[in-house]
Every structure is written in structure tokens, then in C-alpha cells.
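In our numbering, the protein residues as written are 738 to 1210.
By construction, the Cβ of each residue, glycine as well, lies at the ideal position given by its N, Cα and C atoms.
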RNA sequence: GGCGGCAUAGCCAAGUGGCAAGGCAGAGGUCUGCAAAACCUCUAUACCCCGGUUCGAAUCCGGGUGCCGCCUCCA
């Protein structure tokens, strides 16, 4: 049983799919007018983990994540750059997909684009017009918010209080200041699509309802996105779908908390953003992924480079311990039989994830296996097999902890040597020279070499098997 | 102003009624030519404050305080 917190009811609920064994999942993706920052990355990773977990639990999951490729910001940005908006969005979609691949986010089953579903949106708007809950005004079409009695249920807002606190400039075309636009008229020179209401483009909210309904039907099991989408975006999606179909679009609404920088929300409009693409050069994607999952998805995550560095260090230690354990087993040295503990950790891992995606606790369980590996003689073959099962599960669901230790270490090392401008050949020579000096008990020279190499961030450890090169990551 | 959320060690972060996970950082010890790594031990008499419920609360209830977010495009 998977339990998830529902924004609508403000409590954890057992996930009970509409159709047994199948889950319909829709997540609001990105508006492609700029590159993705860490906040986007967090949401995508969170729902990536959710979809992986659902599938791991044997639920056939159909995951739809949209791309908003037409809106005011896009047109504005393209205008600033003096390029057609399609060129801007194509470039940003490519950038987005590159970032997601780097982060290990699996593609959704369908990634619909707004511009390719104008027909569905127009049809839905027409439905709303027929029902009398929408009206045309000067080429625009608006949705009558007051036609939905429980408007505000999702975001816990009272209509009248919204008006009181409203800072929106009044649009004279609206009959009620809270009404939102379903279709926006375009001038002759503006980008736009033909429609029965005239040339124009869809409002932001209608696209998600239309595309969700197109691919998943009138009612979803789970609809998710960032916390800032609760109001107005999801509230409006819910209202318009409810008005059109009598169904509230989704049974369960999930929202991911913000990424902050020094406790202030990271947002494009505030300019305190760190883009995913800027992290690619310096960090292993697994370090960022684990860092993003080390805080529960609903809590704010205060981002810092230190956080990623610390996580990278912990991962390095993790893979080193595994490499050592594997070396022990290869050389035929047995360890302790700890299968009971290993199984308990495995249960803790999966149980945590099934309880509202408690990734921090699940990650804690993974790190607890380190204690088993590193305690005196390590573990025996059977126990390690059990642990490998856990790591495989972590790889499948979290998309982390499942690499071949050597693969991870080599990747870290190659990046390291590239960055530090110390080539491996020179290092090997120094290590040989030092071993020679040590053999002659010339410890002064040996220590000097160790110091020299340390300047490059390389640590030399003397072990019975010879010199071990370790990186100060 | 309205609504929502959060407050756990130096830092990050679990824990939702029964001895306070885990990570990072730090201290001491074992080991070592010296180190490092690893291991062992230690690092919150205690979970923002004040009341209450209970045999028992970080955990439930009431009242404060502080921080954050939404109410406007935003993941």
C-alpha cells in the first residue's frame, strides 16, 4: 500500500487507483522560455521517483507531463531576442531534455506540447461556453469562477477574501475580477491560432485540463506539480474540468516544496536561480539527485553548493566501501553473515518510500548498510547479495546508489584529473618514487611527495597492498 | 489583512504517544615510520516558549513567538 499526502484533504491517503492495477499520473511540466533551474529539477526528480515507485510496486503507470510552449513570457522573450517563438521553445525543450537525461529523470510516457493540442483546448472551451460557465468578451473567452460552488477547495481560499486581498489590475472585459482567461485574442501581427472565437492563443490553465483529459480521461489518479501551482493554476484546472465534466480532474493532488537559496524562494522572477546546466561541469549527477532527495519532497529545500559537495563526499565513501567489500569477496575473504540486518534495512528502505515518498529516511537506510560493510571483516557473500538487492532497488526507484562502484569512482576520478590539471601518468611516477623512498626508509622524501600531491587534492594512503590513491572530493 | 506550512545537535535531516534514524563537520582512542582510510567511543537529560491531556509527548490539544510561502507570471 502506498500512502500519499493529498493537498485537497491535507492528509495522507492510501492510493487507490480508479482502475485496479493502473495509475494515471499527470504532472505540470515546464514553460519553455528559459533553461531549467534546480527548482524544476526537484519537481521532476520527485515525480520521477514516484513513477518509478509505482511501477516497482507493480502498478501499470501512465505518466503524462506537459510542456507549455506558448504563453506571454515565451512571446516576450522571443521578441526580446528577435527570433520566432518556435525557435526559442525548440531550443529550450532541447535544453530541458538534456538536463533531465543528465539528472537521470526517465521520460514520461507522453510529453504533450500545448501548441499541438489547440484543437482539444478549443473543444473544451466550447463545452464550457455551451454550459454557460464561460463567456466571450472582445475576442477573449473567460471562465466564470463563481459558477463553481467549491472553487477554492484545493487552495483553501474564500472567493470574497481573494477579492479583498487582490492586487490584480482590473481587466474591464471580465465580468468578475476573479474570472480567468481561457482564450486570449491576438492581434493580426501576434502569434496566434485560428479558432471559433477568433485568432488567439490558449490561456495557461486550459491546456493542462485539455491535455490531461485527452491522454488520461476525465479523472486522474494523481495530479502534481510545484507548490506554487496550487493557486491559481491547479485550482482553475480543477474548476474548469469540474464545470465541463462534473469530475474534479484528479483524486489526489501532490505538490512539491520550493527550493530556496538562503531561505528565499528560488524563482526566475527573483533572479536567484541556479541552472541545472551550470552544475553539469562540476558535479556528478548522482550527487545532485541524492541531494535533492535528501529532504522530504514537501519541505523546503535550501540549496547550496556545499550541500551537493557534502552529498558527493558521502557517495564517494559509499562506493569506496562497496569497492572494498567486493575486493574482499573476490580475494576469497569471508565476512560476517548479517543477512537479517540487511533484510531489515531493505524493508525500511521500501517502507519509507511507500509512506508518502519518505526519501530522506530511505536514503538513511542505504547509509546504514555502510555500517555493515565497514565493520571489521565486512560481510559474507550471502549478505552482500542481499545488499546488492537493496542497491538495485535503490537504483530502480531513486535512480541512485546502484552504479558499479568502479564506474562511479572512475567517473569521479576522470572529472577530477581533468579539473585539477594533474595527469595520471605523473601521479603514478610520483607514487612509484615515493614507494621506492619508503622502501629505503627515506621517510622525509616520502612525506614530501605526499605533501606535493596533496596540493592537487590527491591523498595517498599506505596499505598492506600498496599505495592507495584517494581523492579529496 | 486572509489562508497555508514549518520550527529537532555546529550544519543538513528522519522520527506523528513508549529508551531522539542517517549524513556532513568535530573530539578522543586503536592501527600507522608518520599519516590517511577503516573501526571503537564521545558530541541534543533532550526536540522554539508557556500551559493542558496522558502512567507516559518531539509526537495530541490550547495559547504565544519566530521563519517561510500563497493570495500576481512562477516548479
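Taken through DSSP and simplified to helix, strand or coil, residue 998 comes out as strand. Counting C-beta atoms within 10 angstroms of its own C-beta, residue 1181 has fewer than 16 neighbours from the protein chains shown and is therefore classed as exposed. Rounded to whole angstroms, the separation of the alpha carbons of residue 1142 and residue 1165 is 22 Å.
The C-alpha of residue 933 lies about 18 Å from the C-alpha of residue 851. The beta carbon of residue 775 sits closer than 6 Å to the beta carbons of 996, 1011, 1040 from its chain, once the five residues preceding and following it are set aside; these are given in chain order.
The DSSP-derived three-state label of residue 942 is helix. In the displayed model, residue 895 falls within coil according to three-state DSSP, outside both helix and strand. If you check the CB distance, residue 879 and residue 919 come in under 8 Å.
At a Cβ-Cβ threshold of 8 Å, residue 1094 and residue 1034 count as neighbours. Residue pairing of residue 1038 in beta bridges, as defined by DSSP: 996. If you draw a straight line from the Cα of residue 1096 to the Cα of residue 1032, it comes to about 7 Å. The alpha-carbon of residue 1132 is positioned some 8 Å away from that of residue 1140.
1028 is the residue among 951, 1028, 855, 1061 whose C-alpha sits nearest the C-alpha of residue 1136. At least 8 Å separates the beta-carbon of residue 915 from that of residue 765.
Residue state for residue 774 is assigned as strand, using DSSP reduced to three classes. DSSP places residue 929 in no beta strand (DSSP E); its state is neither H nor E. Apart from sequence neighbours up to five positions away, no residue of its chain approaches residue 909 with a beta-carbon distance below 8 Å. The straight-line gap separating the alpha-carbon atoms of residue 813 and residue 873 is approximately 25 Å. Within the stretch 750–832, the beta strand (DSSP E) runs of at least 3 residues that lie entirely inside it are, in chain order, 759–768, 797–805.
For residue 743, the uninterrupted beta strand (DSSP E) run begins and ends at 740–743, by DSSP. Beta-bridge partners assigned by DSSP to residue 878: 873, 920. DSSP places residue 1088 in the uninterrupted alpha helix (DSSP H) bounded by 1076–1091. Residue state for residue 1108 is assigned as helix, using DSSP reduced to three classes. Rounded to whole angstroms, residue 1119 and residue 836 show a C-alpha spacing of 38 Å. The Cβ atoms of residue 941 and residue 806 lie no closer than 8 Å to each other. By the CB criterion at 8 Å, residue 1043 and residue 994 fall outside the cutoff.
With 16 or more neighbouring CB atoms inside 10 Å of its own CB, residue 870 falls in the buried class. Comparing alpha carbon positions, the residue from 1066, 1072, 1065, 1104 closest to residue 1055 is 1104. A direct Cα-to-Cα measurement between residue 777 and residue 1172 gives close to 49 Å.
Distance from the CA of residue 1079 to the CA of residue 1128, rounded to the nearest whole angstrom, comes to 11 Å. With 16 or more other Cβ atoms inside 10 Å of its own Cβ, residue 865 counts as buried. For residue 847 against residue 785, the beta-carbon gap comes to about 15 Å, at or over 8 Å, which does not count as contact. In summary, residue 748 is exposed, with fewer than 16 beta-carbon neighbours lying within 10 Å of its beta-carbon over all protein chains present. By the neighbour-count criterion, in which 16 or more other beta carbons inside 10 Å mark a residue as buried, residue 746 falls on the exposed side. In the DSSP secondary-structure assignment, residue 990 is bridged to 960.
Leaving aside the five residues that flank residue 1100 on each side, the residues in its chain whose CB is nearer than 7 Å to its CB run, in chain order, 1027, 1030, 1031.
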